Amino acid sequence: MSSKLATNDDHLQEPPILMTSLPDEILLDCVARLPRSYYPILSLVSKQFRSLVTSPELYRRRCFLGYEEHCLYVAISENIETSNIHWYTLARKPNDKLWLVRIPSLPPMPLHGSYVVKGSSIYVMGGFHQWQRGLITPNVSRLDCVSHMAEPLTRMPKAVAASVSALVDGKLKSTSKRIMVFDTVAQTWEVRKRPNWEVGRRWFSSVEIAGKIYMKSSRISYVYEPKEGICETDPILHYRNWSNSCVIDDVLYYYDDRSNFLRAYDPKERVWEGVSGVLGLCHDGSWSYTTSYGKKLAVFFHKVDLLSKTTEIWYAEIAKEERCGERSSAMILCLMENLAL
């Protein structure tokens with residue numbers, strides 16, 4: 001009978017990371033149960049984890065386990081002279097601090113492009129590739145939010161920037177001086193006749209509600225029904241400056257920077273309401289952007305201090321207040337936090 005004696009070299013060897021020594025199937029199952037907000041940090045551990053968090057198998061496993069969750073992607077322009085926009089995702093550090101993690105695998109995007117979300121993909125259409133010279137691109141890209149890779153698609157028939165777009169019946173509809181419809185399956189474009197509306201100097205916002213596209217120009221707001229090709233003005237909707245808005249449960253929401261108040265518009269009732277429970281979030285000298293985050297509202301506040309030449313990005317998460325047996329326009333502020341880049 002013999003025994004193996006430990007040598008000095010054995011003591012100097014670093015112990016292996018326990019999780020990476022697990023079988024692939026067990027490791028996949030463990031990572032699938034973690035919140036996606038931890039994946040950016042996990043990808044820094046090793047090449048194995050970096051490959052794992054971008055694998056389609058991981059997301060199929062998450063779906064099977066019922067761990068699907070919404071993720072926020074933020075496009076930030078760091079230098080207006082280059083007209084480049086870089087992508088970040090909202091993540092939470094182990095110390096519970098929210099931060100914006102840059103996605104290096106995604107290429108820079110053009111300024112004032114049009115963005116539409118379909119499933120786990122983000123479609124980017126048009127925009128300025130040279131802002132100062134006013135050069136516009138007809139390029140279209142699909143960003144895969146699983147692999148964090150970009151795929152070039154069929155170019156637009158006409159280059160546009162600052163257009164409004166929406167997803168209706170599974171197709172992307174881009175509206176500017178003309179209507180262009182993109183079939184994401186066949187990857188083909190169709191140019192349709194524009195309804196007889198007055199074109200504003202610039203489009204500011206658009207949302208889709210119940211198959212209709214609600215659009216805001218500098219002069220008036222429109223409601224466009226693409227199936228029938230009918231377009232009508234909505235002066236009540238235009239009464240508020242609803243730029244940078246979003247939709248939850250067929251109700252439009254936006255944060256009013258001037259009044260420092262969250263507002264809601266119900267297209268069925270055709271009335272604006274102030275949302276109780278959420279006010280006073282906006283700092284002086286800042287502007288906001290509102291987006292949906294599952295059934296919650298996510299509001300980003302961008303504050304620029306001209307004296308100190310500093311920029312801050314604040315993030316607020318807002319949820320609907322549930323009231324048994326009645327409709328409620330009240331909401332609850334879940335968190336308000338200064339984000340770190």
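Number 319 in full-length UniProt numbering belongs to position 319 of the sequence shown; there are no gaps in the numbering. All residues carry an ideal CB built from backbone N, CA and C; glycine is no exception. Being a predicted model, the structure only gives us computed values, none of them experimental.
query                                                                                                                                                                : result
With a floor of 4 residues, list each alpha helix (DSSP H) that falls wholly inside the stretch 174-242, ordered by position along the chain.                        : 235-238
Within a Cβ cutoff of 6 Å, which residues of the same chain sit near cysteine 334, ignoring the five residues on either side of it in sequence?                      : Glu317 and Ala319
Check the C-beta distance from valine 124 over to alanine 166 and give it rounded, since I have them as a contact under 8 Å.                                         : Contact flag wrong, Cβ pair sits at about 14 Å.
How would you label proline 35, buried or exposed, when you count the other beta carbons within 10 angstroms and need 16 or more for buried?                         : exposed
Would you mind working out which of Ile236, Tyr255, Thr233 and Asp234 sits nearest serine 243, comparing C-alpha positions?                                          : Tyr255
For alanine 186, which residues of its own chain have a beta-carbon under 7 Å away from its beta-carbon, when the five flanking residues on both sides are left out? : none
Beta carbon of serine 206, beta carbon of valine 247: below 7 Å?                                                                                                     : no
Taking the C-alpha atoms as reference points, what is the distance between leucine 237 and serine 114?                                                               : 22 Å
Check this for me: beta carbons of proline 107 and histidine 129, under 7 Å apart or not?                                                                            : no
Report the three-state DSSP secondary structure of proline 23 (helix, strand or coil).                                                                               : coil
Check for me: the alpha helix (DSSP H) holding lysine 47 runs from which residue to which?                                                                           : 47-52
DSSP three-state call for leucine 42: helix, strand or coil?                                                                                                         : helix
Hey, isoleucine 183 and lysine 193: beta-carbon distance below 7 Å or not?                                                                                           : The sequence given here has aspartate at residue 183, not isoleucine. Not closer than 7 Å, so no.
Given a threshold of 16 other Cβ atoms within 10 Å of its Cβ, counted over all protein chains shown, does isoleucine 136 qualify as buried or as exposed?            : buried
With DSSP as the reference, please indicate the residues paired to valine 275 in a beta bridge.                                                                      : According to DSSP, valine 275 bridges with nothing at all.
If you run the structure through DSSP and keep just helix, strand and coil, what is cysteine 145?                                                                    : coil
Cutting at 6 Å between CB atoms, please list the residues of its own chain near residue 402, excluding the five before and the five after it.                        : The first residue shown for the chain is 1 and the last is 341, placing residue 402 beyond what the model contains.
Please name the residue or residues paired with serine 165 in a DSSP beta bridge.                                                                                    : Ser174
Tell me which same chain residues have a C-beta within less than 8 Å of the C-beta of residue 343, skipping the five on either side of it?                           : This structure cannot speak to residue 343, because the chain is shown only from 1 to 341.
When DSSP labels each residue in this structure, what does arginine 270 get in the three-state scheme?                                                               : coil
Should cysteine 30 be labelled buried (16 or more other beta-carbon atoms within 10 Å of its own) or exposed?                                                        : exposed
Do valine 271 and leucine 262 count as a contact pair if the criterion is CB distance below 7 Å?                                                                     : no
With distances taken from CA atoms, which of Gly211, Ala75, Glu25 and Arg219 is nearest isoleucine 230?                                                              : Gly211
Measuring CA to CA, which of Val160, Gly127, Ala162 and Gly119 is closest to leucine 143?                                                                            : Gly119
Suppose you measure from the CA of glutamate 69 to the CA of alanine 91; what does that come to, to the nearest Å?                                                   : 13 Å
Spatial neighbours of lysine 93 within its chain, please: C-beta separation below 8 Å, excluding the five flanking residues on both sides.                           : Ile41 and Trp99
Could you check the C-alpha separation between residue 395 and tyrosine 315 for me, to the nearest Å?                                                                : An answer regarding residue 395 cannot be provided, because it is not within the stretch 1 to 341 covered by the chain.
Within the continuous alpha helix (DSSP H) that includes leucine 90, where are the two ends?                                                                         : Here leucine 90 belongs to no alpha helix (DSSP H); instead the beta strand (DSSP E) covers 84-92.
List the residues that DSSP assigns as beta-bridge partners of glutamine 132.                                                                                        : Glutamine 132 pairs with nothing; no bridge assigned.
Taking a contact to mean a Cβ-Cβ separation below 7 Å, would you say alanine 264 touches valine 251 in this structure?                                               : yes
According to DSSP, is cysteine 59 part of a helix, a strand, or is it coil?                                                                                          : Looking at the sequence shown, residue 59 is not cysteine but tyrosine. Note: tyrosine 59 maps to helix in three-state DSSP.
What's the gap between the Cα of tyrosine 239 and the Cα of valine 53?                                                                                               : 45 Å
Mind checking who cysteine 246 pairs with in its DSSP beta bridge?                                                                                                   : Tyr253
Kindly identify the DSSP beta-bridge partner or partners of arginine 102.                                                                                            : Tyr88
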